[in-house]
Amino acid sequence: MGNSQTKTRGVSTNESFKRYKAYGKCHTCKHFNTNVAWCQLCDPKKLISQFEGAGGSGDQVIDDFLEDLWIHTEEYEKIVEWIPFERFEGVQEIGKGGFSYVYSATWVDGLRKLKSLEADAEQTRTGPSVVALKSITKSDNLTIEFLKEFRHQYYNCIKNKLGKYFTFYGITYHPTKKEYMLVIDYADRGDLRSCLTNSRLYWSEKLQILTDVSFALHNIHHAEYVHKDLHSGNILCKTNNVRDTIVSYISDLGLSNVHANLVERLNQKNNYSIYGVLPYISPEVLCGQEYTSASDIYSLGVIMSELSTNKPPFFNLPHNQALALKICDGLRPGFSKNTPECYIKLANQCMDMDPEKRPTAEELRDKFWNWNEINQHIKKQFDDADRQQYEEEVDDDDTLQIHPEAIYICRVMNLGNLNEIGVEDENADYEE
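Using the working numbering, the first residue of the sequence shown is number 101, and each one after it goes up by one.
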């Protein structure tokens, strides 16, 4: 038979030996585990049996959704579970979006965690952990269409190793508010918008945030994904207690695509609807073109302006069709007067009218890192900008007055066909 090898369950002897050394044996079927402390044959069945034995979620659509996820789960720590609401303590509202409320809570049981990564690893939990709860519907029923799209996005994120941008622990149901909620990662510093409002960030910290975000965006684009809803409310900030620094990451990758794709289906009926936060949406998308990686880069350019001014973009203008027309005609958010010229030039390249002229996320990552860590000449420019900004802030009593129609939460907007409307008064009042 030549070099043929004995096979067990379709796995060669050599591969079986490697798996035994790496993962050990399943205590139930006695075959080799398919991952650390995980048997693809037995563990999903255990989850389904325990879930059904406990009565499920009370909603057959949710039950089917979760059981389908479990059948395809390949790691213990990636299990998405049904979590009864009584397993949360200290629930407090911490934010509001266009389609959801966000709460912080202590999950009594805690996250799933492996004890050891060796072949004899055990399935354990962390114990009480702070998590975020995000409502995902304004009604007490989830639509099958929403869950199908959500499942599709979740699988794609995992397949493309983008799970860290879509951290999803489980689903729960708030009995008082009658809302289903996603159980997701908690960011102790909040989103970037609140971080800028509540903290004085130095340029070194801002450049590190941009390095983190562009690195994440490069990974997303490398996997042939597009975020479609990048803004300062979707960049979360956590404290790195070891280095006493801010760690930033992009959130809502899957959810953004769920909502954006549902809106795109509406547009097949010529509804001219757009999903997102208007000041961050690229002109080509406003004019009806599809989202691309270059659209995400445009959004990052707007975020660069926000980091410079410490103010949300177009804060003194109503976010309506007139603003959309001005953006399509070239209006862009500005920068604080002490911002280094190299930074302004790069941000404007990101916001170029021509998507082909915008830099890639990889180019941005390398540039931000170089400015913050390597190029001492440019680093000094940012240090000088910090000193000048501090001197200005001492005498600055100006209170930010945000226009009542400036809206910084995600929403569906029907802006009409901007290609047919034409640009209105180009000299409309605007000041940064």
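Quick reminder that beta carbons are idealized off the backbone N, C-alpha and C, glycines included.
- Taking all protein chains in view, the Cβ of Q308 is crowded by 16 or more other Cβ atoms within 10 Å, so the residue is classified as buried.
- Y254 is not a Cβ neighbour of R212, given a cutoff of 7 Å.
- Closest in alpha carbon position to S294, among A316, F165, S348 and V326, is S348.
- In the three-state reduction of the DSSP assignment, R293 falls in the helix class, which pools H, G and I.
- With contacts defined as CB atoms closer than 7 Å, H419 and L378 qualify as a contacting pair.
- Residue burial annotation: L217 is exposed, with fewer than 16 other C-beta atoms found within 10 angstroms of its C-beta.
- With 16 or more neighbouring CB atoms inside 10 Å of its own CB, V313 falls in the buried class.
- Of all alpha-carbon atoms in T134, L292 and S200, the one lying nearest the alpha-carbon of K277 is that of S200.
- DSSP, reduced to helix, strand and coil, places H274 within a strand of the structure shown.
- Distances from the CA of W207 to each of L417, G401, K306 and D285 were compared; the closest alpha carbon is that of D285.
- Segment contact: the region 470-484 against the region 394-410, fewer than three CB-CB distances shorter than 8 Å; contact not assigned.
- DSSP places R225 in the strand class (E or B) of the three-state scheme.
- Rounded to whole angstroms, the gap between the alpha carbons of V231 and T128 is 32 Å.
- Q449: member of the alpha helix (DSSP H) spanning E441 to C450, first to last residue.
- Only residues of its own chain outside the window of five on either side were considered, and among them R458 have a CB closer than 7 Å to the CB of D452, listed in chain order.
- Within 10 angstroms of the beta-carbon of K234 lie 16 or more other beta-carbons, which makes it buried.
- Here A447 is near S405, since their CB atoms are less than 7 Å apart.
- By the neighbour-count definition (other C-beta atoms within 10 Å, threshold 16), G430 is an exposed residue.
- Secondary structure note for W207: its beta strand (DSSP E) is the uninterrupted segment Y201 to W207.
- For M404, the uninterrupted alpha helix (DSSP H) run begins and ends at S393 to T409, by DSSP.
- By alpha-carbon distance to L214, the top candidate from N135, P504, I478 and S229 is N135.
- For P433, the number of other beta carbons within 10 angstroms of its own is at least 16, and it is reported as buried.
- Nearest to R343 by alpha-carbon distance, out of H331, E305 and F188, is E305.
- Under the three-state reduction of DSSP, F185 is assigned to helix.
- Taking C-beta separations shorter than 7 Å and ignoring five residues to either side along the sequence, the partners of T311 in its chain run R465, F468, W469 and N472, following chain order.
- Residues of the same chain with a CB within less than 8 Å of the CB of G210, apart from the 5 flanking positions on each side, are R225, T226, G227, P228 and S229 in chain order.
- In chain order, V180, E181, I183 and V283 place their CB closer than 6 Å to the CB of G270, counting only its own chain and leaving out the 5 sequence neighbours on each side.
- DSSP, read as helix, strand or coil, puts T134 in coil.
- Taking 4 residues as the minimum length, the alpha helix (DSSP H) runs contained wholly in the region 276-336 are 292-298 and 303-322, in order along the chain.
- For K145, there is no enclosing beta strand (DSSP E); the residue is found in the alpha helix (DSSP H) stretching over D143 to G153.
- Of the residues D220, Y123, H252 and A316, the one whose Cα lies closest to the Cα of E462 is A316.
- By the neighbour-count criterion, in which a residue is buried when 16 or more other Cβ atoms sit within 10 angstroms of its Cβ, G376 is buried.
- Nearest C-alpha to K437 among I427, Y508, N410 and H321: N410.
- If you check the CB distance, L292 and S351 do not come in under 7 Å.
- Using a Cβ distance threshold of 7 Å, K338 and D396 do not count as a contacting pair.
- In the three-state reduction of the DSSP assignment, F268 falls in the strand class, which pools E and B.
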